[in-house]
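Enquirer: Heads up: the sequence shown begins at -13 in my numbering, then just goes up one per residue. Before I ask anything, here is the structure I am working with.
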Amino acid sequence: MEPEVSYLMPACNAAGTIDRAVRSLLAQRNCPSLEVVVVDDGSTDGTRELVTSLAAGDSRVRCVAEPHRGQVAAAVIGQELCRGKYIARLDADDIAHPDRTALQVAMLENDPLLGVVGCRVRYFPRREIQPGLLFYENWLNSLVVEDDKQTRQNILRELFVECPLANPSLMMRACAFREIGGYRDFDGMPEDYDLLFRFAASRWDISAVPEVLHYWRNSVTRASRVQDRYSAESFQRLKFHYLLKLRLESGRRPVSICGAGPVGKSWLKLLQKTGVEIRCLVEVNPRKIGKTIHGVPVVDTARLAGNRERAGLILGAVGQKGARGSVRAQLDPLGFVEGRDYIFIA
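Structure (structure tokens):
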């Protein structure tokens, strides 16, 4: 009998944490049948032997040994081995809440158009969490609210700001996951963010369970900290790729940029290199209004009134705390609609 849920777990030198990670899945409550597919990515610390021992004691665990090629390659191999109706992720150093499987499966079962669900997350050990990580945790969790319709809107609204769901918290409908191509090694860019962009561009919906069901280990060796794939430059390249593809008609739609600070200037230069027409930079700072930056005029928000088509897509490229709310407060009364006429980007 095929399992209902397949947990995909790439692992490399995770002997110190993987036992607890796997056991957190084997201890899931009130859930359908599951399997844990561990792809050992050339470990040299006994990870494979440890998982093999777990598999000998529980047939739900499967271990596949591969030469070291990296986490993405391991995920690509592992996704082909997953047999479940749903494919979920867990990293080898993280922990799943006992109710994670049941709650995520229930959400997917209740909506046949839902392709992927995440959940709220919590970093650990708490004593080691720096302010930047705590800010990101709070931001992620703020998107997931009790109103599911609002959660779905929040995720899509923030898609170009940052990856709005934690990859190891995801559970996906297998047919949807395979329909969009699954994980892939896309030009050295973050595979998890790429996956969510492709879900957003597909016929499938994205949501999340409004409970903390994933415990995310803060580790200095975590791939997102040490690999170029997860650098700020790689994230911007990926956003740029999907901005052109999904919102700018492959560069044919003009753009106005709200914000002439570091974020706005960074996007201005990148878009100009590709030949995208930049209509204006929108600023509230009177010292900047009336000037030009890289050949683009700096105007105040009032200049946009009655010029929705002329403005093109407005990019809210602001990074200061509270700045996005300020941009909304200025654009909404002028008849601009977030998601249609303007989006935020970082």
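Backbone N, C-alpha and C define an ideal beta-carbon position, used for all residues, glycine too.
Across which residues does DSSP place Ala82 in a beta bridge pair?
Expert: His200
Enquirer: Considering Cα atoms alone, identify which of Gly281, Val268, Arg143, Arg112 is closest to Val304.
Expert: Val268
Enquirer: Among Gly276, Tyr216, Val47, Lys307, which residue has its Cα nearest to the Cα of Gly174?
Expert: Tyr216
Enquirer: Pop quiz: Gly245 and Phe185 are said to be a contact at Cβ under 8 Å. What is the actual Cβ separation, rounded to whole angstroms?
Expert: Not quite, the Cβ-Cβ distance comes to about 28 Å (not below 8 Å), so this is no contact.
Enquirer: Roughly how far, in whole angstroms, is the beta-carbon of Val37 from the beta-carbon of Ile4, given that I think they are within contact range, below 8 Å?
Expert: 6 Å
Enquirer: For Val62, which residues from the same chain have a beta carbon less than 8 Å from its beta carbon, with the 5 sequence-adjacent residues on both sides left out?
Expert: Gly168, Tyr169, Arg170, Asp171
Enquirer: Which of the three DSSP states, helix, strand or coil, is assigned to Glu(-10)?
Expert: Reduced to three states, the DSSP call for Glu(-10) is coil.
Enquirer: Does the separation of the CB atoms of Leu299 and Leu256 fall below 9 Å?
Expert: no
Enquirer: Please name the residue in Met93, Val22, Arg106, Arg108 whose C-alpha comes closest to that of Ala74.
Expert: Val22
Enquirer: Could you check which residue in Lys259, Val198, Trp190, Ser155 has the C-alpha nearest to that of Arg223?
Expert: Lys259
Enquirer: Taking DSSP as the reference, what is the three-state secondary structure of Ala332?
Expert: coil
Enquirer: For Leu40, which residues in the same chain have their Cβ closer than 6 Å to its Cβ, ignoring the five residues on either side in sequence?
Expert: For Leu40, where only same-chain residues beyond five positions count, the Cβ hits under 6 Å are Val8, Val47.
Enquirer: Report buried or exposed for Val103, applying the criterion of at least 16 other Cβ atoms within 10 angstroms of its Cβ.
Expert: buried
Enquirer: So, do the segment 150 to 161 and the segment 185 to 200 have three or more beta carbon pairs nearer to each other than 8 Å?
Expert: With a cut-off of 8 Å, the segment 185 to 200 and the segment 150 to 161 count as touching, because enough Cβ pairs lie within range.
Enquirer: May I have the straight-line CA-CA distance separating Ile275 from Ser236, to the nearest angstrom?
Expert: So the alpha carbons of these two residues sit roughly 30 Å apart.
Enquirer: Taking buried to mean at least 16 other C-beta atoms within 10 Å of its own C-beta, is Gly70 buried or exposed?
Expert: buried
Enquirer: Give the straight-line distance between the Cα atoms of Met(-5) and Ala152, rounded to the nearest whole angstrom.
Expert: 14 Å
Enquirer: Are the CB atoms of Pro54 and Gly32 nearer to each other than 9 Å?
Expert: The amino acid at residue 54 is misidentified as Pro; the sequence shows His. Cβ distance not < 9 Å, so His54 and Gly32 don't count as in contact.
Enquirer: With distance defined between alpha-carbon atoms, name the residue in Pro117, Ser242, His83 nearest to Tyr201.
Expert: Minimum Cα distance to Tyr201 is reached at His83.
Enquirer: Count the other C-beta atoms from every protein chain shown that fall within 10 angstroms of the C-beta of Leu119, then say buried if there are 16 or more, exposed otherwise.
Expert: Exposed, since its Cβ has fewer than 16 Cβ neighbours within 10 Å.
Enquirer: Output yes or no for whether 9 Å exceeds the beta carbon distance between Ser252 and Leu301.
Expert: One thing to note: Ser252 has its Cβ no nearer than 9 Å to the Cβ of Leu301.
Enquirer: Between Tyr328 and the rest of its own chain, which residues show a CB-CB distance below 8 Å, the 5 nearest in sequence each way excluded?
Expert: Taking C-beta separations shorter than 8 Å and ignoring five residues to either side along the sequence, the partners of Tyr328 in its chain run Cys244, Leu299, Ile300, Leu301, Gly302, Val313, Leu317, Phe322, following chain order.
Enquirer: Does Arg159 come out as helix, strand or coil in the three-state DSSP assignment?
Expert: strand
Enquirer: For Tyr169, name the three-state secondary structure that DSSP assigns.
Expert: For Tyr169, the secondary structure class from DSSP, reduced to helix, strand or coil, is coil.
Enquirer: Ignoring anything shorter than 4 residues, give me the alpha helix (DSSP H) runs that lie fully in the segment 35 to 86, in order along the chain.
Expert: Counting only runs of 4 or more, we get 57 to 65.
Enquirer: Pro176 and Ser205 look like a contact to me (Cβ under 8 Å); what is the Cβ gap, rounded to whole Å?
Expert: 17 Å between Cβ atoms; not a contact.
Enquirer: Pull up the DSSP beta-bridge partners for Met(-5), would you.
Expert: Val24.
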